[in-house]
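Structure record follows, encoded as structure tokens.
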Amino acid sequence: MLSIIQAAGWPIWPLIACSILALALVFERFVALKTARVVPPKLLDEAISVSSKSVPGPDVVTQLAQNSALGEVLASGLRTLNSHPQSSEAELRAAMEGAGRTVAHRLEKYLTALATIASAAPLLGLLGTVIGMIEIFGSQAGGGAVGGGNPAQLAHGISIALYNTAFGLIVAIPTLIFWRYFRSRVDEYLLTLELAAEQFVRHLGRLRKP
Numbered sequence: 001m002l003s004i005i006q007a008a009g010w011p012i013w014p015l016i017a018c019s020i021l022a023l024a025l026v027f028e029r030f031v032a033l034k035t036a037r038v039v040p041p042k043l044l045d046e047a048i049s050v051s052s053k054s055v056p057g058p059d060v061v062t063q064l065a066q067n068s069a070l071g072e073v074l075a076s077g078l079r080t081l082n083s084h085p086q087s088s089e090a091e092l093r094a095a096m097e098g099a100g101r102t103v104a105h106r107l108e109k110y111l112t113a114l115a116t117i118a119s120a121a122p123l124l125g126l127l128g129t130v131i132g133m134i135e136i137f138g139s140q141a142g143g144g145a146v147g148g149g150n151p152a153q154l155a156h157g158i159s160i161a162l163y164n165t166a167f168g169l170i171v172a173i174p175t176l177i178f179w180r181y182f183r184s185r186v187d188e189y190l191l192t193l194e195l196a197a198e199q200f201v202r203h204l205g206r207l208r209k210p
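Dropping the structure here:
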């Protein structure tokens with residue numbers, strides 16, 4: 001690996017930095033986007049069960065908010081109803097939508113960075129290719145005729161061009177795949193959150209005091 005890096009020249013270092021950053025972001029998103037941390041399967045039913053007869057106290061609401069992203073959205077509705085028992089359904093929905101936007105922003109965290117790396121890596125590889133071509137033409141110019149240049153410099157230019165092109169694609173393709181995977185996963189979570197919030201709003205509407 002070290003010999004490949006040496007053969008590729010300095011243009012490969014930005015690509016190595018991108019690959020390390022992309023790997024760290026992928027691991028972080030895998031941990032952050034676990035189902036248990038976003039939309040636990042039974043949480044909505046439990047929240048409805050706990051609040052079936054009356055609005056639970058602040059301690060229960062705080063525990064719900066700390067449970068997961070879905071819990072944070074549901075807790076915002078309960079907090080609104082605790083603070084203003086006569087809140088309309090529209091006010092409850094607005095409070096939960098505000099919490100949902102905050103959660104959505106957190107779920108989409110670092111996805112833009114992954115997309116940027118996926119787009120920039122091939123361009124960085126192309127930059128290394130161009131630099132390698134410059135090395136090749138420089139070696140030819142020194143000899144006065146095609147094939148009469150410095151063979152070592154010619155080989156070095158070719159290695160820079162090919163290694164950087166390949167490494168740029170090696171970084172870009174997996175990063176793009178992971179970005180699309182996380183993007184679809186976030187979209188699925190957001191849809192689940194929206195449907196759960198709508199169901200919970202209707203449930204809270206029955207607990208409002210006249």
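Numbering (full-length UniProt numbering), first residue to last: 1 to 210.
Cβ coordinates follow ideal geometry from the N, Cα and C atoms, glycine included.
- The C-beta distance from L43 to L70 rounds to 5 angstroms, short enough to meet the 8 angstroms contact threshold.
- Ranked by how close their Cα comes to the Cα of T116, the residues A172, A166, V103, T62 have A172 in first place.
- Between V39 and T192, the C-beta spacing is below 9 angstroms.
- An exposed status is given to E89, since fewer than 16 other beta-carbon atoms sit within 10 Å of its beta-carbon.
- Between the region 121 to 135 and the region 92 to 109 there are fewer than three C-beta pairs closer than 8 angstroms, too few to call the two in contact.
- In summary, A197 is buried, with 16 or more beta-carbon neighbours lying within 10 Å of its beta-carbon over all protein chains present.
- Counting along the chain, Q63 sits inside the alpha helix (DSSP H) bounded by residues 58 to 67.
- Taken atom to atom, the span from the alpha-carbon of N164 to that of Y110 is near 25 angstroms.
- According to the DSSP assignment, R93 belongs to the alpha helix (DSSP H) that extends over 89 to 107.
- Cβ contact annotation for L15 (same chain, cutoff 8 angstroms, sequence separation greater than five): A121, L124, G125, G128, N164, F167, G168, V171, in chain order.
- Cβ-Cβ distances below 6 angstroms link I48 to H203 in the same chain, with the five nearest sequence neighbours on each side left out; the list follows chain order.
- A straight line joining the alpha-carbon of V26 with that of F182 spans about 9 angstroms.
- Membership of V31 in the alpha helix (DSSP H) is indicated by the continuous run 12 to 32.
- Assigned with DSSP and collapsed to three states, R180 falls in helix.
- In the structure shown, the three-state DSSP call for Y189 is helix.
- The C-beta of P41 has fewer than 16 other C-beta atoms within 10 Å across all chains shown, which makes the residue exposed.
- P11 places its beta carbon less than 9 angstroms from that of I131.
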